[in-house]
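Just so we're aligned, residue 1 is where the sequence shown starts under the UniProt record's numbering, counting upward by one.
Yeah, the Cβ is synthetic: ideal placement off N, Cα and C, and Gly gets one too.
What follows is a short report on a single structure.
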Amino acid sequence: MSPMQPMTPLQNVLTRLERVRIQGSCHTAKCPAHDDERASLSVSEGKDGQVLLKCHAGCEWRQVVEALGLTISDLFPPREQAAPSSLPKKILTNQYDYIDESGKLLYQALRYQPKEFRQRAPDGKGGWSWSLQGVRRVPYRLPKVIEQANAGKTVFIVEGEKDADALGELGLTASTNAGGAGKWLEGFGKYLSGAHVIILPDNDEPGTKHAREVAMSCLPYAASVRIVELPGLPVKGDVSDWLKLGGQRKSLLDLVKASPRLTQEDMENVSDSSESGRYRTYKNTALGSDGESCASSEITEDNSPPVFNSLPSSLEAELLPVSQLTPEMLPPSLRAWLLDVAQRLSCPLEYVAIPAIVAVGAVIGKKIGIQPKRYDDWREYPNLWGAIVGRPGALKTPAISEALKHLYRLEKRTREKHEELRKFWAVESLIKKGEAERARTELKNKNLTAARKYELAEQVLQTEDEEPNCPRWIINDTTIEKLGELLKANPNGMLLYRDELMGFLRTLERQGHESDRAFYLEAWNGKGCFTYDRIGRGTVFIPSVCLSLVGSIQPGPLSSYLRASSEERGDDGFTSRFQLLVWPDPAGYHLVDRWADAEAKKRVAQVFDALAEWAMSKTDIEADEESVACLRFAPEAQQLFYTWLESLEYRMRDSGETALMETHLSKYRKLVPALALIFHLLESIDSLTAELPPVSLDSLERALAWAEFLETHARRIYQAVGEGDPEAGQRLGQRIKQSLPNPFTVRQVVQKHWAGLSTTDDVERAIGLLEERGWVQTRGVQKAGGGRPSVQIWINPALLGANKKSSVSGGKTLQNLQNQISDSSFGFITSATDDGGEEIQYEEGEI
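Below you can see the structure in the form of structure tokens.
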């Protein structure tokens, strides 16, 4: 079977749209960025393969891209990958020999660090060929595999040579194929003739599909075939991970004994029903012919509809309550301005305050730090990361833009001053070049003394002065290499503003950007240095890496990203570094049309100017080994900080917090001192002198109030990660009535390629929420001939038309209620009674 070709950018966009039709050389579709039923969106392909979008109802193309869950780069074809010769050298960590029955080397699989695999074969001349064309392919450890198979013994098939070697150390025979999942050749099955084959898949979708392919290959030859899923594996985990987590040889063999043998019928049922079904043969979990788990479903031979005992409830996410930012919590020097902007925009106060505080911290940068303990040299800097979470159209961008206006004003003023300096440098440089040319000419005179030659040579070298750097305050979009150069020229730090943070986060996940994440982690810390080596730029050493970051993101994409990130990579603490992360309740709209508060605006301009122009004196201010001035807490503030810090440490060690929340709280060790320093400097803005007082009790108390407020928002966000996907559930709920049969299967939904419901995981999360809210029930139906049950999802008849047979308890009366359910809004009345008169309560409101 030929490999599936990747979708073009145009195909990727079209699969996410509804009501797509071809009109001439372009497509029309329903625009996802606004609410109507017209096909107002035109989609076409540019000459270079890029996607062109035009909403005739007035939506900007960026809004359309955001609504599709894509980034701007997704509209363009991927760049050609670099040739192997142009890639930076990697370190060879392992090599695995693939040999024939006699022990002759056929080829090798090589593993490099950073993680990469390549294959090579002897070229017959004492060297290597990096192409395996014409080379015989065999399973790993072929002689041992054949020996075991001929003796009718067990052979484990795993996904990687590392895993095979790990089982070999336990005295078990294991094999694999070069290249990982999807590279098992159909002919490999004959080598396992007579063997009892145990397949241990990796815990991901490619691993599941690979296990099925191996099983299909081995079934005609092997004495028996089993697929065993190892319990407790992390996402993408393998048998090596399982062994590291404490798995033992005996427990593995017990799992094998508890697993049923697979038959050809089993595999055909799974293959016919689902391309991405998962085996759960180890666990006491029935598996449907679709491959989906029936663990929470009733398994029956009866194909009649199940009984629903209640009407559906709302699919709206049940969010945890959050604290609101109050005017008293704002620094007095910024308070009037922040309140004025929030009122005129009619947006939550948090939308303006968070980016404003991040901006102040960015201006301060590394001019001064804080040492939170009385004697210890632990220090923190006030560069912070913040993010605003809100739905599209919630005025996130206008609020952030207002908050950052003064930073952009500083940027403009700095550029103007730099241009004057650059002109002066250009004149001086031109004069020096003329002098250097005359010096070079004179140097040709053979009669010069050594002293004169030395003097002339110095004149030549003095012309090599570099152009003066332009100080920067804020950047919007940059490569990691350019960011490094900018930080090298601006050791005090800068602010990175990304209007749509989802695009930034997805960039970090892309191939070729693996090192970007480590750079940003170091930049948040603000204390270290960084070195990177590139072929074009050479070695770049950045002595001071300090970056502030702010942006906005929608709740659905954020929850999906956090969930996927923790499952695929584990929590590396990246998202928890967004300490000023808020998801406020929407503000009620009040029409406000008035002039901006000029006095408040002027006052804030003075604050930013004073901080930007502040030349810090080190008199009476302690400095660390890098000569960065630091303040400490005043005595009364110091005691309060100790009390708070001890409480935080005890909570983290013995509180039962989730891993995500625990990691987030751990970053408060920086958050609270950094906020206290920011508030203290804002409090001292009118008297910035060389003898700055210690950080006051008022400033620390304000910082602690912020920490308490921010924690409620973090809990709301991380709680949403742990629940079913509300947005996926709502998307599937909107399509249940018109577009799906009753019952339906996961595979039927996946095949429709609906936006946000294109993978098995997406659909299963959506069904989990729908079942929890009474919209559907899942049931495993046992076929008459045996085999695995088929998983069916039944729709609550209250959601269907009156011609559908009702299976709601008290069906006659409830069936009549179907006519009262709005087709357009899924709105429900507040209560109903069944035939026995018992009142059934359910949630009011739209779904």
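> Residues bridged to Pro312 by DSSP?
Replying inline: DSSP output for Pro312 lists no bridge partner at all.
> Is Thr778 buried or exposed, if buried means 16 or more other CB atoms sit within 10 Å of its CB?
Replying inline: buried
> Rounded to the nearest angstrom, how far is the Cβ of Val239 from that of Cys218, given a contact under 8 Å?
Replying inline: Going by Cβ atoms, the distance from Val239 to Cys218 rounds to 18 Å, so no, they are not a contact pair.
>> My parser needs the beta strand (DSSP E) runs of 3 or more residues fully inside the stretch 355 to 422; what are they?
In response: 368 to 370 and 385 to 389
> What are the partner residues of Phe744, as DSSP defines its beta bridges?
Replying inline: Ile793
>> According to DSSP, simplified to helix, strand and coil, what is Cys218?
In response: helix
> What are the boundary residues of the beta strand (DSSP E) that includes Lys30?
Replying inline: Cys26 to Lys30
>> Quick check on the DSSP output: what are the complete beta strand (DSSP E) runs of length 3 or more inside the stretch 416 to 500, in order along the chain?
In response: 494 to 500
> From Lys407 to Pro694, what distance separates their C-alpha atoms?
Replying inline: Note on identity: in this sequence residue 407 is Leu, with Lys being the wrong assignment. Each residue's alpha carbon lies about 27 Å from the other.
> In terms of residue numbering, what span does the alpha helix (DSSP H) encompassing Arg344 cover?
Replying inline: Pro332 to Leu345
> Ends of the alpha helix (DSSP H) at Thr760?
Replying inline: Thr760 to Glu772
>> Rounded to whole angstroms, what is the Cα-Cα separation between Leu53 and His753?
In response: 20 Å
>> Does Asn177 pass the burial test, meaning 16 or more other C-beta atoms within 10 Å, or should it be called exposed?
In response: buried
>> Please state whether the Cβ-Cβ distance between Trp583 and Val358 is less than 8 Å.
In response: no
>> What does DSSP give as the partner residue(s) for Trp128 in the beta ladder?
In response: Pro122
>> According to DSSP, Gln777 sits in a beta bridge with which residue or residues?
In response: Trp794
>> Per DSSP, what are the beta-bridge partners of Phe633 in this structure?
In response: Val695
>> Buried or exposed for Pro635, going by 16 or more other Cβ atoms inside 10 Å?
In response: exposed
> Can the beta-carbon of residue 856 be found closer than 8 Å to that of Ile364?
Replying inline: The shown model of the chain, from 1 to 847, leaves out residue 856, and the question about it has no answer.
> From Glu844 to Lys209, what does the alpha carbon distance come to, in whole angstroms?
Replying inline: Model confidence at Glu844 stands at a pLDDT of 29, short of 50, so the residue's coordinates are unreliable; what they give is reported in the following sentence. Rounded to whole angstroms, Glu844 to Lys209 spans 43 Å at the Cα level.
>> Just to confirm before moving on: does the CB-CB distance between Val155 and Ala164 stay below 8 Å?
In response: no
> From Cys470, Asp74 and Val307, pick the residue whose C-alpha is nearest to that of Trp794; which is it?
Replying inline: Val307
>> In the DSSP assignment, the beta strand (DSSP E) including Gln224 goes from what residue to what residue?
In response: Note that residue 224 is Ser in the sequence shown, not Gln. Here the beta strand (DSSP E) through Ser224 covers Ser224 to Ile227.
>> Here's the rule I'm using: 16 or more other beta-carbon atoms within 10 Å means buried, otherwise exposed. How should Met7 be labelled?
In response: exposed
>> Using C-beta distances below 7 Å, list every residue in its chain close to Gly168, excluding the 5 sequence neighbours before and after it, in chain order.
In response: Ala174
> Span of the beta strand (DSSP E) holding Arg111?
Replying inline: Leu105 to Gln113
> Is Lys153 closer than 8 Å to Ala195 when the C-beta atoms are compared?
Replying inline: yes
> Near Glu662, which residues of its chain fall below 7 Å by C-beta distance, leaving aside the five closest residues on each side in sequence?
Replying inline: Met652
> In three-state DSSP terms, what is Thr575?
Replying inline: helix
> Given that a residue counts as buried once 16 or more other Cβ atoms are within 10 Å of its Cβ, and exposed if not, what is Gln639?
Replying inline: exposed
>> Tell me the residue span of the alpha helix (DSSP H) that contains Tyr668.
In response: Tyr668 to Glu683
>> Determine whether the beta carbon atoms of Lys373 and Gly526 lie at a separation below 8 Å.
In response: no
> Can you tell which of Gln459, Ala362, Ser758 and Ala166 has the C-alpha that lies nearest to the C-alpha of Ser429?
Replying inline: Gln459
> Opposite Leu580 in the DSSP bridges: which residues?
Replying inline: Gly386
> Nearest CA to the CA of Leu732: which residue from Gln748, Ala67 and Gln719?
Replying inline: Gln748
> Exposed or buried, what is residue 851 when buried is set at 16 or more other beta-carbons lying within 10 Å of its beta-carbon?
Replying inline: Not covered by the structure: residue 851. The range shown for the chain is 1 to 847.
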